[in-house]
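Trainee: Handing you a structure now.
In our numbering, the protein residues as written are 552 to 632.
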């Protein structure tokens with residue numbers, strides 16, 4: 552999906568069964584960062600805004616790593632979306 556051409560201001564990320572989800576503003580997801588706090592507006596685990604450390608590194612094909620909690624440890628808890 553060519554998101555860079557679409558007009559929108561929020562992303563919704565979910566697991567396949569939609570039990571875990573988060574909403575983040577476009578500017579929180581866009582850009583290049585590594586282990587940096589990024590704002591989550593709300594999620595399946597919290598009603599209010601908070602931050603989690605994510606990865607979206609330049610030239611890393613596996614990125615972005617978007618998670619409900621800080622990236623390190625999120626995989627073991629099933630929190631990577």
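All residues carry an ideal CB built from backbone N, CA and C; glycine is no exception.
#1: Classify residue 563: buried if its beta carbon has 16 or more other beta carbons within 10 angstroms, exposed otherwise.
#2: According to DSSP, is residue 556 helix, strand or coil?
#3: If I measure Cβ to Cβ from residue 572 and keep anything under 6 Å in the same chain, skipping five residues before and after, which residues do I get?
#4: Excluding five sequence neighbours on each side, which residues of the same chain lie with their C-beta closer than 6 Å to the C-beta of residue 599?
#5: Suppose contacts are defined by Cβ-Cβ distances below 7 Å. Is residue 574 in contact with residue 592 by that definition?
#6: Are the CB atoms of residue 606 and residue 623 nearer to each other than 7 Å?
Mentor: In short:
#1: The residue you call residue 563 lines up with position 12 of the chain shown. Residue 563 is exposed by the Cβ-count criterion.
#2: For this step, residue 556 is matched to residue 5 along the chain shown. Helix, per DSSP.
#3: Here residue 572 refers to the residue found at position 21 of the chain shown. Here the set comprises 565, 595.
#4: Counting from 1 along the chain shown, the entry for residue 599 is found at position 48. So no residue of the chain qualifies.
#5: Sequence index remark: in the chain shown, residue 574 carries index 23 (1-based). Sequence index remark: in the chain shown, residue 592 carries index 41 (1-based). With respect to the 7 Å criterion, residue 574 and residue 592 are classified as neighbours on the basis of their beta carbons.
#6: For the purposes of this step, residue 606 is taken as the residue at position 55 of the chain shown. For the purposes of this step, residue 623 is taken as the residue at position 72 of the chain shown. Cβ distance not < 7 Å, so residue 606 and residue 623 don't count as in contact.
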